[in-house]
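Residue numbers (this note's numbering): 12 to 136.
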């Protein structure tokens, strides 16, 4: 199945203009009306390789709280405390209980702002 990468890029640009971060492939697939979430995720991972997105792993504590974010491939191998549990629940992060989430890189957001300023200057001329 082929995905509409142009539409996905437009959605990403809109999210960046709106200062949105912490989104996943399910959200982008929904907004772009794409059915193949795995391909959308693969495309987002590719965008990360080109400096558009940062990939984060979000841990989920034993009480099902979405807890902390860590850089891709850098999940700690020691106990961490859940920031949401009342009793300071500590747990070992489990790769099977994580979410893959994306944030925009600062460089990408700055480039978009510059592009927007340049297009506004052209319109003013």
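Glycine residues also receive a C-beta, built at the ideal position from the N, C-alpha and C atoms.
Computed from a prediction, not measured in an experiment: that's the story for all the values here.
Give me the residue from the options with the minimum Cα distance to residue i.
i: residue 82; options: 96, 76, 65, 75; result: 65
i: residue 103; options: 126, 34, 117, 78; result: 78
i: residue 26; options: 50, 43, 93, 67; result: 43
i: residue 96; options: 72, 112, 116; result: 72
i: residue 99; options: 76, 128, 31; result: 76
i: residue 69; options: 127, 14, 109, 20; result: 109
i: residue 67; options: 86, 117, 38, 23; result: 86
i: residue 38; options: 129, 112, 13, 122; result: 112
In terms of DSSP beta bridges, what is residue i paired with?
i: residue 101; result: 92
i: residue 81; result: 68
DSSP three-state label for residue i, please.
i: residue 112; result: strand
i: residue 120; result: helix
i: residue 106; result: helix
i: residue 129; result: helix
Please list the segments of the alpha helix (DSSP H) lying wholly inside the stretch 16-56, counting only runs of 4 or more residues, in order along the chain.
16-28, 36-43
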